[in-house]
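Going by the numbering used here, the sequence shown opens with residue 2, and the numbers climb by one from there.
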Amino acid sequence: MHPDWQVVPQFEGASSEEIHVPAADGVTVRVLRWTPLDAVAAQSRTLVMIPGWNSVIEGWLPILSEWVKQRPIISIETREKDSCVIDGEIDKSTFSMPNLYGDICLALRNLGIDSTKCDAFGSSLGATLLLEGLRDGALEFRSLTVLSPNLAFPAPLWAKIMMPSPVFVYAPLVRFVIWYLDKRLEEEGQRIRYRRTLLAAHIPRLRLCTLVFSKFKMDLDFTEIMLPIGILRASSDTLHDHGDAGVLDAALPNSTLIEIESNQFAHEPEAIPLLEAFQSSIHS
């Protein structure tokens, strides 16, 4: 296992805990939990956080360092990540969307967490999984905030090269992708996060996910979903489709489009008041 998947961040003003939670049969996901040391803050609503595709926790340290002082937070690392233990063989079906969001549902249940009393926050693939789980009736929260959700995963040229390639050529291809993203991404923080994410990726899982996700297109029939959903949109984010946020906003009956200056901003402490303001506007 890559060292990045063994890190358990410690923050001033909060206790930290690493838990390996059974999800689906043969699947154990890693959960990181932080609880404020302040007694009042410790009784606040729990935030369930689902990071993006292969996203390592280091990219979220700036915002977490302050947020964990204010409310309990749990971060669930989904099964494509190297921190997840999967017994037996893996294939494309292992990484279907229902299997991925099903792990979130089962992990919350096995932790004894009533998700209907929690706010949720998801980024990129994490946002997509939360939306898919909500629409299909597998997940339920008090509110949801999403950053750069993927309505589809259009394959750029480098991904089309990677998909049919055998596993042993993925390592050099990953380094090429890092070079490509360094040239394409405007935000330095985003470049650093994706470089770290790709270097820590579990290569066989990365390959299978690339094959599966290339076929994905989100069903936008959200007419039955009345959950308050905040959609963060950063026009400077060149990796995710800026238009997806508008399309999703039109499809969701109870959504709020929240403009932010950059994708990196959503990883910084300065984003906390904006996120908390949206959640506080919701009447339980």
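Quick reminder that beta carbons are idealized off the backbone N, C-alpha and C, glycines included.
The alpha helix (DSSP H) spanning R143 covers which residue range? First-last for R143: undefined, no H or E at that position.
Are I226 and L135 close, meaning C-beta to C-beta below 7 Å? yes
Which whole-angstrom value describes the C-beta separation of F266 and A272, a residue pair presumed to lie in contact below a C-beta threshold of 8 Å? 6 Å
Where does W35 sit, in a helix, a strand or coil, going by DSSP? strand
For K82, is the classification buried or exposed, using 16 other Cβ atoms within 10 angstroms of its Cβ as the cut-off for buried? buried
Residue interval of the alpha helix (DSSP H) (run including T129): 126-136
I232 at chain D interface by Cβ criterion, 7 Å: Of the protein chains in the structure, only one exists, and it is not chain D.
Rounded straight-line distance, which links the Cα of A15 to that of M219: 37 Å
Exposed or buried, H21, counting other C-beta atoms within 10 Å across all chains shown (16 or more means buried)? exposed
Three-state secondary structure assigned by DSSP to D120: strand
Can you grab the Cα-Cα spacing for the pair Q11 / S17, in whole Å? 6 Å
Among the residues of its own chain, which have a CB less than 6 Å from the CB of H241, if the five just before and after it don't count? For H241, the pLDDT reaches just 46, beneath the cut-off of 50, and the residue's location in the model is therefore unreliable, although a value from the coordinates is still provided. The answer, listed in chain order, is S149.
For E19, report the span of its alpha helix (DSSP H) as first-last. No alpha helix (DSSP H) holds E19; the beta strand (DSSP E) holding it covers 15-23.
Give the DSSP-derived three-state secondary structure of M50 in the structure shown. strand
T117 vs E141 beta-carbon contact at 7 Å: yes
Whole-angstrom distance between D245 and T239, CA atom to CA atom: A caution first: T239 carries a pLDDT of 48, below 50, which makes its placement in the model unreliable, though a value can still be read off. Distance between the alpha carbons of T239 and D245 is about 12 Å.
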